[in-house]
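Peer 1: I am attaching a structure below and will ask some questions about it afterwards.
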Amino acid sequence: MTAVLTHLLSARDLDRSQAVAVLDTAAHMAETQSREIKKLPTLRGRTVVNLFYEDSTRTRISFETAAKRLSADVLSFAPKGSSVSKGESLKDTVLTLGAMGADAIVIRHQASGAAHLLAHSGWTEARIINAGDGLHQHPTQALLDAFTLRRHRAHAKGMEGDGLGSDLEGARVVIVGDVLHSRVARANVDLLTTLGAEVTLVAPPTLLPVGVETWSARTTYSLDEAIEETDPDAVMMLRVQLERMSRAGGGFFPSHAEYQREYGLDTKRLGRMRPDALVMHPGPMNRGLEITSAAADGQRSVVVEQVANGVAVRMAVLYLVLTGAEGGPS
Amino acid sequence: MTSYLIKNAQLPTGEHQDLLLDNGSIHAINPHIPPPKHAHTIDADGLIALPGLVDLHTHLREPGGHGETVLTGSRAAAAGGFTCVHAMANTFPVQDRAGVVDQVHALGERAGYVEVRPVGAVSEGLEGEKLAGLAAMARSAAAVRVFSDDGHCVFDPVLMRRALEYTKAFDAVVAQHAQEPRLTEGSLMHEGVVSAELGLTGWPAVAEESIIARDVLLAEHVGSRLHVCHVSTRGSVEILRWAKSRGIDVTAEVTPHHLLLTDECARGYDPVFKVNPPLRSDDDVAAVREALAEGVIDIVATDHAPHPTEAKECEWAHAAFGMVGLETALPIVHEVMVTSGLMTWADVARTMAELPARIGRVTGQGAGLAPGGPANLTLFDPAARWVVDPTRLATASQNSPVRGREMQGKTLWTFFRGVATLADGELVDLGEEPS
């Protein structure tokens, strides 16, 4: 039996059996999405609030779609400004949402720890789902990445379904780029290694945080070396988060051209990978910077599939968190 | 004025003595003093008598603050065993001219709980551009002897040099908030393993150490006194040790929270642990403890920084830096330095009273307990245990990093110029001394 999921704040909240249970639930959800009638009655009468302090059309729409497919009532709220000086405090906003009967709050926020704060503040009884907090965590992104990987591994092995019950033991994943500013990288290192995968982080030294040496991932500064040495099952290209980057000292790398040369994924590098290796990207992509269009749109790219799987994974998380169920619905 | 006979207190030297306080002075110290008529007798068996504590670093937030005032901050100080506090310059308006420092000084005298010594700003408006009116503040009624832009680093090396030179004219000291601003843009916590995991922008130790290294060299070059605020890293300790070995006239302070807590506290994203400089690693905590015991760090200073609730009840990134500390400083020092065997009570008297008074050039404070000296002293019960409830503290703010934590020892009595400001653990409403 796995423990009940009360909130989902960090990929670290999940042990291996819980993570597998979420992926299995997502597989069941995905299956329902191939039916003609996609809507399930599961969360009828429940209210899910999407509280998005940071613009993110894709994640917000993904959560909205997931909640609606489960028949929940969905409110989306994008407060203007997020500091005490600019507008209503997070506390007051959340008290308001609680008064309106929110059963779950899906929060995206620029401040690391915002989701953790809501879950531990005592301001609300609602279940909290972290849809990305600052540079900290983005657990549903990691889950959809793991789901995508697991599915392809299962198909490669000729298994039916989406690899129900299996983990990622032995999978080799290379994560490339702006690790320093990436909640996707943090969440993926945690979740993929929990599931048994071997993760290699590749970045220029300026884009690796001080302290990364304690993470459960190997790090290297050379993408070519990482491809050659690990023979990866998947490369995950991180978005270079230009909007989060300090201009101090002239920036984190000399030029886009140099970044692309050293860390960009192009057809040449793709050619040195296994033919069935996956190309992943959490989006939105900087085409021509961390990934060329040829690589992004090529046969091995699962970027669009990641988006589709995102809905199934978020359905699973909403279902598990709101119903207190322990695994896949029967 | 009530006379007090303190029976059988343990002095910092370890001897047990009776002390008679009369007319604002310590009238006598003897193994046995017969109770005079009309004296209030205090059974101090098991209590430690210390000179009234002197804090070189507090924020009393008046003029211009919310919540804390010179009065409430003074009461918190008395409750913690202090008889003198230095009030930092980052008020509104800034303490960068004689009129403002005189006002703060007068508010302190009116409150009457402790001697309030205003700290003058080094630069006008704390902006780091040009010197504030240092001589005018030094010559004013407040007689400022400590200058600091605390909260901001005096970053411009030329301005720092000028300040170090100029303050020699009135035997004052520049107290530096050592923080390289470019290396700490957007910084939220100590840069290390925990910040990497939490996704909070790091405040690297080198940003503190590089400024200290520069400043000790500047102080040596111009032959001036330098004081370093809130030292928090092992590297800083090593630079200070080197500077002192060269005979550079530098002193340094450490806060109780940097002696006690580490960056692990940030894990719950509770902004009560957000402070500047940030809580550091285990290894840094060990280094500052050793340095204080060894004398490389000279004193303990609280950096008492009250903030209204709303400034801490929010996202870590948006919260204010700082924590209150006046009422818990002595129990924390007792726990981490005395109980651990690193320091004696004589060391506590030296680092929390004598040397801070000397650095701040405060006469009548911090001296050893001696007959004829001013009756500024405190009685501490090392055996008492109490759990910190921020709503019950005398400070107007509740941002205590040790809330809910059991304190080892409690201040029971504080005497300021012979007047009991704290009596048997309760603050005295001045004008109503206990009979």
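Protein sequence lines correspond, in order, to chains U and S. Going by my numbering, the first sequence opens with residue 29, and the numbers climb by one from there. Going by my numbering, the second sequence opens with residue 4, and the numbers climb by one from there. All residues carry an ideal CB built from backbone N, CA and C; glycine is no exception.
1. With a Cβ-Cβ cutoff of 8 Å, do S/A124 and S/F95 count as a contact?
2. When the Cα atoms are used, what is the spatial distance from S/V103 to U/G141?
3. Using the Cα positions of S/L129 and S/P280, report the straight-line distance between them to the nearest angstrom.
4. If I measure Cβ to Cβ from S/R142 and keep anything under 8 Å in the same chain, skipping five residues before and after, which residues do I get?
5. Taking C-beta pairs closer than 9 Å, name the residues in chain S that U/S84 reaches, listed in chain order.
6. Using beta carbons (cut-off 8 Å, strictly below), is U/G338 in contact with chain S?
7. Which residue or residues does DSSP assign as beta-bridge partners of S/L56?
8. By DSSP, does S/T424 sit in helix, in strand, or in coil?
9. For U/G316 and U/A106, what's the separation of their Cα atoms in angstroms?
10. Cβ of S/T86 within 7 Å of any heavy atom in the ligand PLP?
11. Determine which residues of the stretch 198–225 of chain U have a Cβ less than 7 Å from any Cβ of chain S, and write them out in chain order.
12. Taking only beta-carbon atoms, is U/S244 less than 8 Å away from chain S?
13. Specify whether the stretch 339–356 of chain S and the stretch 292–301 of chain S touch according to this definition: at least 3 beta carbon pairs, one from each stretch, less than 8 Å apart.
14. Buried or exposed, going by whether 16 or more other CB atoms sit within 10 Å of the CB of U/M128?
15. Of all the beta strand (DSSP E) runs that stay within the bounds of the stretch 38–117 of chain U, which reach a length of 3 or more residues?
16. When you compare the stretch 280–287 of chain U with the stretch 236–250 of chain U, are there three or more beta-carbon pairs, one atom per stretch, that lie closer than 8 Å?
17. Taking just the CA atoms, how far does S/N26 sit from U/S110?
18. Among all the DSSP beta bridges, which residues are the ones paired with S/R78?
19. Verify whether the separation of the beta carbon atoms of S/H307 and S/T86 is less than 8 Å.
20. Can you tell me whether U/G205 is buried or exposed? The criterion is at least 16 other CB atoms within 10 Å of its CB, across all chains shown.
21. Can you tell which of S/G271, S/E241 and S/S227 has its C-alpha closest to the C-alpha of S/I251?
22. Would you mind stating whether U/L163 and S/G202 have Cβ atoms separated by less than 8 Å?
23. Strictly under 8 Å for the Cβ-Cβ distance: is S/R185 near chain U by that measure?
24. At a Cβ threshold of 8 Å, is S/V275 touching chain U?
25. Compute the distance between the beta-carbons of U/P237 and S/A216, then report whether it is under 8 Å.
26. Check each candidate in U/G193, U/S117 and U/T87 and name the one with the smallest Cα separation from U/H166.
27. With U/V339 and U/H309 assumed to form a contact (beta carbons below 8 Å), what rounded beta-carbon distance in angstroms separates them?
28. Between S/G55 and S/G271, what straight-line distance do the alpha-carbon atoms span, to the nearest angstrom?
29. For the candidate residues U/F91, U/I156 and U/Q269, whose alpha-carbon lies nearest to that of U/L33?
30. May I have a chain-ordered list of the beta strand (DSSP E) segments no shorter than 3 residues that lie completely inside the stretch 111–169 of chain U?
31. Does the beta-carbon distance from U/D161 to U/A130 come in below 8 Å?
32. U/A225 and U/L196: beta carbons closer than 8 Å?
33. Quick one: is S/E112 buried, meaning 16 or more other Cβ sit within 10 Å of its Cβ, or exposed?
34. Can you list, in chain order, the residues of its chain whose CB lies under 8 Å from that of S/C268, leaving out five sequence neighbours each side?
35. How is S/M4 classed by DSSP in three states: helix, strand or coil?
36. Here's a check: name, in chain order, each residue in its chain whose Cβ is nearer than 7 Å to the Cβ of S/L14, leaving out the five neighbours to either side.
Peer 2: If we stick to the structure as given:
1. Their beta carbons are not under 8 Å apart, which means S/A124 does not touch S/F95 by this criterion.
2. Straight-line spacing of the CA atoms in S/V103 and U/G141 works out to 40 Å.
3. Between S/L129 and S/P280, the C-alpha separation is close to 18 Å.
4. Closer than 8 Å at Cβ, skipping near neighbours: A101 and F173.
5. Within chain S, no C-beta atom comes less than 9 Å from the C-beta of U/S84; the nearest is roughly 16 Å away.
6. Not one chain S Cβ lies under 8 Å of U/G338.
7. BP columns for S/L56 point to S/F85.
8. Three-state DSSP puts S/T424 in a strand.
9. Using only the alpha carbons, I get a separation of about 31 Å.
10. In terms of ligand content, the structure shown is empty, and the ligand PLP therefore cannot be addressed.
11. Those residues of the stretch 198–225 of chain U that come within reach of chain S (Cβ to Cβ, closer than 7 Å) are R211 and R214.
12. No, U/S244 lies away from the interface with chain S (no Cβ there is under 8 Å from its Cβ).
13. Because the criterion of three Cβ pairs below 8 Å is met, the stretch 339–356 of chain S and the stretch 292–301 of chain S touch.
14. U/M128 counts as exposed, since fewer than 16 other C-beta atoms from the protein chains shown sit within 10 angstroms of its C-beta.
15. Whole beta strand (DSSP E) segments, 3+ residues: 75–80 and 101–105.
16. The way I'd put it, the stretch 280–287 of chain U doesn't touch the stretch 236–250 of chain U; fewer than three beta-carbon pairs between them come closer than 8 Å.
17. For U/S110, the predicted model reports a pLDDT of 46, less than 50, meaning its position is unreliable and no value from the coordinates is stated.
18. S/R78 is not bridged to any residue.
19. Going by C-beta atoms, S/H307 is not nearer than 8 Å to S/T86.
20. With 16 or more other Cβ atoms within 10 Å, it is buried.
21. Here the closest residue by C-alpha is S/S227.
22. The answer is yes: Cβ separation under 8 Å.
23. For S/R185, the answer is yes, since a Cβ of chain U falls inside 8 Å of its Cβ.
24. S/V275 does not count as touching chain U.
25. Between U/P237 and S/A216, the CB-CB gap reaches or exceeds 8 Å.
26. For U/H166, the nearest C-alpha among the options comes from U/T87.
27. The beta carbons of U/V339 and U/H309 sit about 17 Å from each other, so the pair does not count as a contact at 8 Å.
28. Going from the Cα of S/G55 to the Cα of S/G271 covers about 36 Å.
29. The shortest C-alpha separation from U/L33 is found at U/I156.
30. Runs of the beta strand (DSSP E) inside the stretch 111–169 of chain U: 132–137 and 155–161.
31. At least 8 Å separates the beta-carbon of U/D161 from that of U/A130.
32. Between U/A225 and U/L196, the C-beta gap is smaller than 8 Å, which places the two residues in contact.
33. The residue is exposed, with fewer than 16 neighbouring Cβ atoms inside 10 Å.
34. Around S/C268, the same chain offers F276, L282 and P404 as residues with beta carbons nearer than 8 Å, after the five sequence neighbours per side are excluded.
35. Here S/M4 sits in coil by DSSP.
36. Contacts found: Q20, A52 and L372.
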